[in-house]
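Student: Here the sequence shown stands for residues 79 to 199, numbered as in this note's numbering.
Don't be surprised by glycine CBs; every beta carbon is placed ideally from N, CA and C.
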Amino acid sequence: MADIPGLIEGAFEGKGLGIKFLRHIERTKVLFHLISADSADPLGDYQTIRDELAKYNKLLLEKVEYIFLSKSDTVLPEAVSKIIADFKRFKKEIIPISIIDSGSILRVKEILNELILNKTA
Numbered sequence: 079m080a081d082i083p084g085l086i087e088g089a090f091e092g093k094g095l096g097i098k099f100l101r102h103i104e105r106t107k108v109l110f111h112l113i114s115a116d117s118a119d120p121l122g123d124y125q126t127i128r129d130e131l132a133k134y135n136k137l138l139l140e141k142v143e144y145i146f147l148s149k150s151d152t153v154l155p156e157a158v159s160k161i162i163a164d165f166k167r168f169k170k171e172i173i174p175i176s177i178i179d180s181g182s183i184l185r186v187k188e189i190l191n192e193l194i195l196n197k198t199a
């Protein structure tokens, strides 16, 4: 398991610590994307990350991935529903999570435990 800070546009060209982070991602089996609910464009943020992964190594797009909508408590429920619908249009499931919602944190733990039991993580 590796914690990779947010990639920035141009990471595949070495911007920021991009290449270092991308090399690290190559060694992981599963990707957890944490997309902030208070972002102006959550779907665009996700697509930027996917674009950077593809530009660096298209095989990274084949990794198992989970997408979490972090800070889901900071926006109205209608906004969360819209973000979920936006991701569904692209056949992607996004799971809302919040540090103050113990049920959502439990869901993340369940996913992690399942990955560990299946030796996917």
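When burial is assigned at 16 or more other CB atoms within 10 Å of the CB, is E130 buried or exposed?
Tutor: For the purposes of this step, residue 130 is identified with residue 52 of the sequence shown, where counting begins at 1. E130 comes out buried.
Student: Check whether the Cβ atoms of Y134 and I173 lie closer than 8 Å to each other.
Tutor: Indexing the sequence shown from 1 puts residue 134 at position 56. Indexing the sequence shown from 1 puts residue 173 at position 95. It is not a contact, given that the beta carbons lie outside the stated cut-off.
Student: Between which two residues does the beta strand (DSSP E) harbouring S66 extend?
Tutor: Summary: the structure shown does not reach residue 66, with the chain confined to residues 79 through 199, and so no result is reported for it.
Student: Kindly identify the DSSP beta-bridge partner or partners of H111.
Tutor: Within the sequence shown, numbered from 1, the residue matching residue 111 stands at position 33. Note: H111 sits in a beta bridge opposite I145.
Student: Which residue from L121, I175, K136 puts its Cα closest to that of R101?
Tutor: By one-based count along the sequence shown, residue 101 stands at place 23. Taking only the C-alpha atoms, the option nearest R101 is K136.
Student: Consult DSSP for I162 and reduce its assignment to one of helix, strand or coil.
Tutor: Here residue 162 refers to the residue found at position 84 when the sequence shown is read from its first residue. Three-state result, I162: helix.
Student: Can you tell me where the beta strand (DSSP E) with I172 in it begins and where it stops?
Tutor: Position 94 of the sequence shown, counting from 1, holds the residue named residue 172. 172 to 174 is the extent of the beta strand (DSSP E) around I172.
Student: Identify the continuous alpha helix (DSSP H) that holds K133 and give its terminal residues.
Tutor: Along the sequence shown, read from residue 1 onward, the residue named residue 133 stands at position 55. Taken as a continuous stretch (DSSP letters only), the alpha helix (DSSP H) holding K133 covers 120 to 134.
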